[in-house]
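**Q**
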Amino acid sequence: MLPLDNPIYSALATDQAPFALTNGLARRFPLEVSPLAGLRDGSPEAFADLRELAEPGDRFGLFTIAELEVPDDWELVGERWIDQMVLETPVEPVEGPPLVELGEADVPAMLALTAATQPGPFGARTFELGRYLGIRDGERLVAMAGERIRPEGAIEISAVCTDPDYLGRGYAKTLMTTLAAGIFAAGRQPILHVKTENGAKHLYEKLGFRVRRPARLTQIRRPR
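Going left to right, the sequence shown walks through residues 1 to 224 as UniProt numbering numbers them.
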């Protein structure tokens, strides 16, 4: 199986192994970093291994290339198809407002922005996964994007979000092209995961991203 066909497991087995909580066929991030988990395969044994890494009530997201048969001792919270997109041609950063490198001191502002815009899960330690860039208006963080999972040969761009008061100014384009250029410079391929009906998908296509394949997002919870 190619790394991008099982990206979370690949990331936790390679670059992001220092974050990995591992048991047999299962790996996961600490929840304050990310609620993502990876299974080497979709077997009952892999789910059982993940269950031993979970406390009652813990919830995880899994990315796979096929539908999973979730065992009865897990609660299926939701499942849907999304698109995995890849960028194959290097891009030049699009000019825009000055970008700032975001870090631990910016966590409250990052949490507030992601809570307001809902780009996907973002925790108090998510920024540790890679490079996060932002745009400020004075002291106010109004847009951001960053690097999340790092499967072998690739880096995922994630948490792309803009304050609703600042939409239409091209901030996402500036952030994404700057991150993508840095990823290419590091010898990796930019990837992202997006809901099929997400309007932002058209922006990503204009930047050169193409759909590599559909991916299955499965959300599960260990019952209390």
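Just so it is clear, CB atoms sit at the ideal spot from N, CA and C, and this is done for glycine as well.
Using only the alpha-carbon positions, how far apart do glutamate 152 and arginine 188 sit?
**A** 8 Å
**Q** What residue from His202, Ala115 and Phe19 has the CA that sits closest to threonine 162's CA?
**A** That would be Ala115, whose Cα lies nearest to the Cα of threonine 162.
**Q** I need the straight-line Cα distance from methionine 110 to leucine 141, nearest angstrom please.
**A** 7 Å
**Q** Considering just the uninterrupted stretch of the alpha helix (DSSP H) at proline 44, what are its terminal residues?
**A** 44-51 is the extent of the alpha helix (DSSP H) around proline 44.
**Q** What did DSSP end up calling leucine 175 once you bin it into helix, strand or coil?
**A** helix
**Q** In angstroms with no decimal places, state the Cα-to-Cα distance between tryptophan 81 and glutamine 118.
**A** Their backbone Cα atoms lie some 18 Å apart in a straight line.
**Q** Buried or exposed for methionine 85, please, with buried defined as at least 16 other CB atoms from any protein chain shown within 10 angstroms of its CB.
**A** buried
**Q** Note down the Cα distance separating leucine 129 from glutamine 16, rounded to an integer number of angstroms.
**A** Here the alpha carbon of leucine 129 sits roughly 8 Å from the alpha carbon of glutamine 16.
**Q** So what does DSSP say about isoleucine 149, is it helix, strand or coil?
**A** coil
**Q** Do you know whose CA, among Gly182, Asp83, Leu76 and Glu147, lies nearest valine 94's CA?
**A** Gly182
**Q** For valine 77, does the count of other Cβ atoms within 10 angstroms reach 16, so buried, or fall short, so exposed?
**A** An exposed status is given to valine 77, since fewer than 16 other beta-carbon atoms sit within 10 Å of its beta-carbon.
**Q** According to DSSP, what are the bridge partners of glutamine 118?
**A** None, per the DSSP bridge assignment.
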